[in-house]
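**Student:**
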Amino acid sequence: MAVDLLLGLQWGDECKGKIVDVLTSNYNLIARFQGGPNAGHTLVFNGKKHVLHTIPSGIFHDNATNLVGNGVVIDPVIFKKELDKLEAQGVDYRKSLLISRKAHLILPTHRLLDAASETAKGKAKIGSTLKGIGPTYMDKTGRNGIRVGDIELDGWKQRYRTLANKHEAMIAFHNVDIQYELKELEAEFFDAIETLKELTFIDSEEYVFQAIKDGKSILAEGAQGSLLDIDFGTYPFVTSSNTTAAGACTGLGIAPNKIADVFGIFKAYTTRVGSGPFPTELFDDIGETMGRVGHEFGATTGRRRRCGWLDLVALKYACQVNGVTQLMMMKADVLSGFDTLKICTAYEYKGERITHLPYNIEAENITPIYTEMKGWKENLTEMEDGSQLPQELNDYIVFLENALETPIKIVSVGPDRKQTIFR
Ligand code: IMP
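In my numbering, the protein residues as written are 29 to 451.
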């Protein structure tokens with residue numbers, strides 16, 4: 029059996045958690061392959077909202093095994109909080125949650141370093157979630173990191189100390205006002221490490237290989253979005269991992285020829301949280317309405333998300349980079365009520381009309397060129413079947429399918445599992 033991938037095609041927050049949750053019953057194994065607690069995957073069912081940061085979104089289903097892959101970075105303190113919440117809700121995660129020994133650990137000083145580095149950048153800051161993601165991946169590629177497997181070995185605390193000391197020197201180098209009590213942070217960290225040790229650590233690439241061989245169905249769950257990819261995103265305003273399809277290969281140890289479907293998730297409009305270019309951003313009432321109706325506040329940081337029209341140039345780029353085979357359009361309900369909807373189909377770039385994403389999409393270089401479509405007024409949130417969707421929405425969907433040459437298989441009309449229309 030092969031592996032299906034599920035990825036965000038924009039700047040994150042495409043409601044991937046909901047779709048993983050909806051699809052989980054079709055899969056034996058749900059695996060996270062990159063990112064860490066900078067993610068906030070929201071699931072709503074039985075009238076309750078659940079937010080997961082590091083744990084895969086299949087955890088609420090009895091029959092799925094959940095794997096935190098080698099490409100993920102784990103903050104034991106945040107992980108413990110997630111586990112405590114699951115426990116309080118009666119979720120028996122001990123049997124169904126596996127962790128790769130090769131996943132890297134986020135240390136308290138990684139978080140502090142993230143804050144120091146962002147503060148030092150001043151106006152040029154990335155708008156990081158400050159979860160220590162960048163510094164942890166830097167230590168991974170710099171070959172200094174501490175991995176989950178290390179905590180099973182003697183002497184890892186000495187390596188921890190050496191690394192934490194180095195981080196403290198780096199924090200001091202930034203010469204910014206960061207107040208911290210490392211002793212307290214470390215007490216919390218080592219306590220959380222003990223909780224982590226109660227879980228099952230595995231050599232996950234071998235586990236995934238055997239699962240594929242045994243015919244198990246596997247869904248790889250992406251975090252963040254393609255435009256935040258370290259290589260293909262709007263660098264330097266990106267995260268520090270490969271959020272695109274290739275990241276699933278390196279983040280789980282899956283051979284490329286084992287990938288079957290690639291599900292691309294996008295919102296019917298666009299949002300971005302943090303700094304960085306955003307050609308279709310709206311600064312008017314329409315953007316404000318999208319944010320208010322769509323509850324566009326970060327699940328991890330609570331920050332207000334910037335909102336704008338759908339950018340087909342960027343979406344096409346993300347489909348190409350990922351090899352998307354099926355699309356899923358989220359939050360269609362948020363667009364109800366607008367007279368006219370705009371879709372960016374090209375950019376004016378240095379006096380020319382282009383339809384690909386160029387190296388630099390800063391506002392001073394790009395003017396979006398829009399196609400206008402008629403909006404719909406109907407409230408979609410109670411709709412259960414594709415036949416109920418208004419004609420204008422069907423026109424919007426067909427326009428996108430034609431432009432992206434990829435079918436839209438799911439239209440989401442609300443946050444609940446039930447508010448999902450299959451086409
Ligand atoms: P970091 O990954 O926390 O360092 O953040 C880098 C950039 O990616 C910032 O602009 C964040 O706002 C953005 N980012 C990181 N994770 C997410 C996410 O899960 N959703 C949306 N944006 C994110």
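Glycine is no exception: its CB is placed at the ideal position from the N, C-alpha and C atoms.
In this text, all values refer to a predicted model and were calculated from it rather than measured experimentally.
Which value, in whole angstroms, describes the spacing of the CA atoms of I240 and E212?
**Tutor:** By one-based count along the sequence shown, residue 240 stands at place 212. By one-based count along the sequence shown, residue 212 stands at place 184. Roughly 43 Å separates the two Cα atoms.
**Student:** Does the region 173-180 come close enough to the region 126-135 to have 3 or more Cβ pairs within less than 8 Å?
**Tutor:** The region 173-180 is in contact with the region 126-135.
**Student:** Got a list of residues with beta-carbon closer than 7 Å to any non-hydrogen atom of ligand 1, in chain order?
**Tutor:** W39, G40, D41, G63, N66, A67, G68, D142, I154, G155, S156, T157, L158, K159, I161, G162, A251, Q252, G253, L256, F265, V266, T267, S268, V301, G302, S303, G304, G326 and T328
**Student:** Alpha carbons only, please: which of A67, S85, H195 and F73 is nearest the one belonging to D103?
**Tutor:** By 1-based counting over the sequence shown, the position of residue 103 is 75. Measuring from the Cα of D103, the nearest candidate turns out to be A67.
**Student:** What does the Cβ neighbour count give for R171, buried or exposed, with the cut at 16 atoms within 10 Å?
**Tutor:** Start at 1 with the first residue of the sequence shown, and residue 171 comes out as number 143. Counting C-beta atoms within 10 angstroms of its own C-beta, R171 has fewer than 16 neighbours from the protein chains shown and is therefore classed as exposed.
**Student:** If you run the structure through DSSP and keep just helix, strand and coil, what is Q419?
**Tutor:** Here the question's residue 419 lines up with position 391 in the sequence shown. When DSSP states are grouped into helix, strand and coil, Q419 belongs to the helix group.
**Student:** Have a look at G243 and L114 and give me their C-alpha separation to the nearest angstrom.
**Tutor:** Taking the sequence shown and counting its residues from 1, one reaches residue 243 at position 215. Taking the sequence shown and counting its residues from 1, one reaches residue 114 at position 86. Roughly 29 Å between the two C-alpha positions.
**Student:** So, at 8 Å on beta carbons, what are the nonlocal neighbours of T383 in its own chain, with the 5 sequence-adjacent residues on each side left out?
**Tutor:** Stepping through the sequence shown from its first residue, residue 383 is reached at position 355. For T383, where only same-chain residues beyond five positions count, the Cβ hits under 8 Å are V341, K344, T373, A374 and Y375.
**Student:** Pick helix, strand or coil for M357, following the three-state DSSP scheme.
**Tutor:** Walking along the sequence shown from the start, residue 357 turns up at place 329. Looking at M357 - three-state DSSP - the assignment turns out to be strand.
**Student:** Cα separation between G379 and I394?
**Tutor:** Residue 379 sits at position 351 when you count from the first residue of the sequence shown. Residue 394 sits at position 366 when you count from the first residue of the sequence shown. Distance between the alpha carbons of G379 and I394 is about 9 Å.
**Student:** Which residues in the same chain as P65 place their Cβ atom closer than 6 Å to its Cβ, once the five residues preceding and following it in sequence are excluded?
**Tutor:** Locating residue 65 in the sequence shown gives position 37, counting from the first residue. H81, T82, D103, I106 and K159.
**Student:** In chain order, what residues of the same chain have a beta carbon less than 6 Å from the beta carbon of S440, not counting five sequence neighbours either side?
**Tutor:** Start at 1 with the first residue of the sequence shown, and residue 440 comes out as number 412. Taken in chain order, the residues that qualify are M358 and T448.
**Student:** Is K113 helix, strand or coil when you go by DSSP?
**Tutor:** For the purposes of this step, residue 113 is taken as residue 85 along the sequence shown, with counting starting at 1. K113: helix per DSSP, three-state reduction.
**Student:** Can you grab the Cα-Cα spacing for the pair G281 / G40, in whole Å?
**Tutor:** In the sequence shown, residue 281 corresponds to position 253, counting from 1. In the sequence shown, residue 40 corresponds to position 12, counting from 1. Cα to Cα, G281 sits roughly 23 Å from G40.
**Student:** How long is the line joining the alpha carbons of R268 and S415, rounded to whole angstroms?
**Tutor:** As a working mapping, residue 268 is identified with position 240 in the sequence shown. As a working mapping, residue 415 is identified with position 387 in the sequence shown. The identity of residue 268 in the sequence shown is Ser, whereas the question assumes Arg. When rounded, the distance between both Cα atoms is 42 Å.
**Student:** Mapping DSSP to helix, strand and coil, what is K108?
**Tutor:** Translated into positions along the sequence shown, residue 108 becomes position 80. In this structure, K108 counts as helix in the three-state DSSP scheme.
**Student:** Could you work out which residue in L34, L35 and C43 is closest to T299 when comparing CA atoms only?
**Tutor:** Translated into positions along the sequence shown, residue 299 becomes position 271. Selected option, being the one with the closest Cα: C43.
**Student:** Just the C-alpha distance for L255 and E316, rounded to the nearest angstrom, thanks.
**Tutor:** Numbered from its first residue, the sequence shown carries residue 255 at position 227. Numbered from its first residue, the sequence shown carries residue 316 at position 288. Cα to Cα, L255 sits roughly 22 Å from E316.
**Student:** Can you give the beta carbon distance from M28 to E324, rounded, assuming they're within the 8 Å contact cut?
**Tutor:** Residue 28 is absent from the structure shown; the chain starts at 29 and stops at 451.
**Student:** Just mark T190 as buried or exposed, buried being the case when its beta carbon has 16 or more other beta carbons within 10 Å.
**Tutor:** The count along the sequence shown starts at 1 and reaches residue 190 at position 162. That one is exposed.
**Student:** In the DSSP assignment, the alpha helix (DSSP H) including Y387 goes from what residue to what residue?
**Tutor:** Position 359 of the sequence shown, counted from the start, is the residue given in the question as residue 387. For Y387, no alpha helix (DSSP H) run applies, since DSSP gives it neither H nor E.
**Student:** Am I right that G365 and K405 are in contact with their C-beta atoms under 8 Å? What's the rounded C-beta distance?
**Tutor:** Position 337 of the sequence shown, counting from 1, holds the residue named residue 365. Position 377 of the sequence shown, counting from 1, holds the residue named residue 405. The Cβ separation is near 6 Å, so the contact holds.
**Student:** Secondary structure at K76, three-state DSSP: helix, strand or coil?
**Tutor:** Mapped onto the sequence shown, residue 76 falls at position 48. In the structure shown, K76 sits in a strand (DSSP, three-state: E or B).
**Student:** Out of curiosity, what's the CA-to-CA distance linking E180 and N98?
**Tutor:** Along the sequence shown, one-based indexing puts residue 180 at 152. Along the sequence shown, one-based indexing puts residue 98 at 70. Their Cα atoms are separated by approximately 16 Å.
**Student:** Near L51, which residues of its chain fall below 6 Å by C-beta distance, leaving aside the five closest residues on each side in sequence?
**Tutor:** Locating residue 51 in the sequence shown gives position 23, where the first residue counts as 1. No residues qualify anywhere along the chain.
**Student:** Should T137 and I199 be called a contact, given that it needs their Cβ atoms to be closer than 9 Å?
**Tutor:** Position 109 of the sequence shown, counted from the start, is the residue given in the question as residue 137. Position 171 of the sequence shown, counted from the start, is the residue given in the question as residue 199. Closer than 9 Å, so yes.
**Student:** Indicate the three-state DSSP secondary structure (helix, strand or coil) for D312 in the structure shown.
**Tutor:** For the purposes of this step, residue 312 is taken as the residue at position 284 of the sequence shown. Here D312 sits in coil by DSSP.
**Student:** Taking buried to mean at least 16 other C-beta atoms within 10 Å of its own C-beta, is F201 buried or exposed?
**Tutor:** Here the question's residue 201 lines up with position 173 in the sequence shown. In the assembly as shown, F201 is an exposed residue. Its beta-carbon has fewer than 16 other beta-carbons within 10 Å.
**Student:** Considering only the alpha carbon of each residue, which of N91, H78 and V100 lies closest to E110?
**Tutor:** Counted from its first residue, the sequence shown places residue 110 at position 82. Distance check between E110 and each of N91, H78 and V100 places H78 closest, using alpha-carbon atoms only.
**Student:** Which residues does DSSP pair with G36 in a beta bridge?
**Tutor:** For the purposes of this step, residue 36 is taken as residue 8 along the sequence shown, with counting starting at 1. I293.
**Student:** I'd like to confirm the pairing. Which residues does DSSP put opposite I287 in its beta bridges?
**Tutor:** The sequence position of residue 287 within the sequence shown is 259, counting from 1. I287 is bridged to V31.
**Student:** Thinking C-alpha only, which one of K123, T328 and F291 is nearest T434?
**Tutor:** If you number the sequence shown from 1, residue 434 lands on position 406. Ranking K123, T328 and F291 by Cα distance to T434 puts F291 first.
**Student:** Considering only their Cβ atoms, is the gap separating E429 from G403 smaller than 9 Å?
**Tutor:** Translated into positions along the sequence shown, residue 403 becomes position 375. Translated into positions along the sequence shown, residue 429 becomes position 401. Contact flag unset, no.
**Student:** For T299, which three-state DSSP category applies?
**Tutor:** In the sequence shown, counting from the first residue as 1, residue 299 sits at position 271. If DSSP states are grouped into helix, strand and coil, T299 belongs with the strands.
**Student:** Write down every uninterrupted run of the alpha helix (DSSP H) in the region 205-252 whose length is 4 residues or greater and which is fully enclosed by it, in chain order.
**Tutor:** 210-225 and 232-241
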